[in-house]
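Trainee: Supplied in structure tokens, the structure appears directly below.
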Amino acid sequence: MTAALTIPSGERGILRLFSLDMAPEQARFLTEPGAAAQMLGTDDLDPAQIDVIALDDLAEIGLPQYLIDGFSIPPDQINIATLTALTGHVLLVRSRAFKGRATTLTPAPQLALIATLTEPQTNWNAPPMQSTISRNRTSPRAIRAETRRLGFALFAATMVLVVVIVFMVAT
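Following the working numbering, the numbering of the sequence shown begins with 54 at its first residue and continues without gaps.
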């Protein structure tokens, strides 16, 4: 049995891995809406952010490699010996399952918290663009203003030419 877990409001990027001490039929039942929330002792969880994983399905790659490849968990966070020794099913709960709200979990006796893992945060910083196209480019307003000046000059020249022709024909 796992003691009560407090999830802070706005938590992001945390994976909680629980081992399931139950029959395979009961473990598969946790995929039903509300079943995992009931086992975790809370009211409302996003079922899309909860996975029940049969470890036999991961026999080829193993749970540690699944977490490294599937969730980008750094290998230094993973206790390979502990995760490799697990059998049966595990329950994987992502932070987004709590919908950004503060929650207290009181897991059922069949659930044991095995690991709390942190997904690496995305670095959204980028260096300034270095392409030549992005540097020497005239703004659309400057282009429109130049086009208007050129259009007015052509219009004025045409009007002067028309006035000269009309004056020559009239005299």
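Ideal Cβ placement from N, Cα and C applies to all residues, glycine included.
So, with DSSP's three-state summary, where would you put Ser148?
Mentor: Along the sequence shown, read from residue 1 onward, the residue named residue 148 stands at position 95. Helix, per DSSP.
Trainee: Can you grab the Cα-Cα spacing for the pair Val217 / Ala195, in whole Å?
Mentor: On the sequence shown, residue 217 is found 164 positions in, with the first residue counted as 1. On the sequence shown, residue 195 is found 142 positions in, with the first residue counted as 1. The straight-line gap from Cα to Cα measures roughly 33 Å.
Trainee: In whole angstroms, what separates the C-alpha of Thr191 from that of Ala206?
Mentor: Taking the sequence shown and counting its residues from 1, the one referred to as residue 191 is at position 138. Taking the sequence shown and counting its residues from 1, the one referred to as residue 206 is at position 153. Their backbone Cα atoms lie some 21 Å apart in a straight line.
Trainee: Mapping DSSP to helix, strand and coil, what is Asp99?
Mentor: On the sequence shown, residue 99 is found 46 positions in, with the first residue counted as 1. In the structure shown, Asp99 sits in coil (DSSP, three-state: anything other than H, G, I, E or B).
Trainee: First and last residue of the alpha helix (DSSP H) that includes Arg202?
Mentor: Residue mapping note: residue 202 aligns to position 149 of the sequence shown, counting from 1. It spans 193-223 - the alpha helix (DSSP H) in which Arg202 sits, taken as one unbroken run.
Trainee: Can you tell me whether Leu136 is buried or exposed, with buried defined as 16 or more other CB within 10 angstroms of its CB?
Mentor: Residue numbering aside, residue 136 sits at position 83 when the sequence shown is read from its first letter. If you draw a 10 Å sphere on the C-beta of Leu136, you find 16 or more other C-beta atoms in it, and that means buried.
Trainee: If you reduce the DSSP assignment to three classes, tell me which class Leu108 lands in.
Mentor: Numbered from its first residue, the sequence shown carries residue 108 at position 55. Helix, per DSSP.
Trainee: Determine contact between the region 140-154 and the region 56-68, defined as no fewer than three beta-carbon pairs at a distance below 8 Å.
Mentor: yes
Trainee: Which two residues bound the contiguous beta strand (DSSP E) that contains Ala168?
Mentor: Indexing the sequence shown from 1 puts residue 168 at position 115. Ala168 -> beta strand (DSSP E) spans 164-171.
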